[in-house]
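Q: Here you go, one structure.
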Amino acid sequence: MNLEAKLRHVMDFPKPGIDFIDITPVLQDPVALK
Numbered sequence: 493m494n495l496e497a498k499l500r501h502v503m504d505f506p507k508p509g510i511d512f513i514d515i516t517p518v519l520q521d522p523v524a525l526k
């Protein structure tokens with residue numbers, strides 16, 4: 493499983509120029525956590 497495909501990128505959060513990477517989708521997928 494490609495974990496990087498599960499990550500969600502939020503551009504310009506919390507400030508312009510910052511790429512926030514949300515790992516919540518990985519934590520919600522039991523298969524990804526194995």
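Per our numbering: the sequence shown = residues 493 to 526.
Quick reminder that beta carbons are idealized off the backbone N, C-alpha and C, glycines included.
For P517, which option in D511, I510 and L525 has the closest C-alpha, if you only look at C-alpha atoms?
A: The option with the nearest alpha carbon to P517 is L525.
Q: Name the DSSP bridge partner or partners of M503?
A: BP columns for M503 point to D511.
Q: Could you tell me how far apart the beta carbons of D514 and V502 are, in whole angstroms, since I believe they sit closer than 8 Å?
A: So it is a contact: roughly 6 Å between Cβ atoms.
Q: In the structure shown, what three-state DSSP assignment does K526 receive?
A: Correct three-state label for K526: coil.
Q: Could you name the residues of the same chain whose beta carbon sits closer than 7 Å to that of K498, not counting the 5 residues immediately before and after it, in chain order?
A: For K498, where only same-chain residues beyond five positions count, the Cβ hits under 7 Å are P517, V518, D521 and A524.
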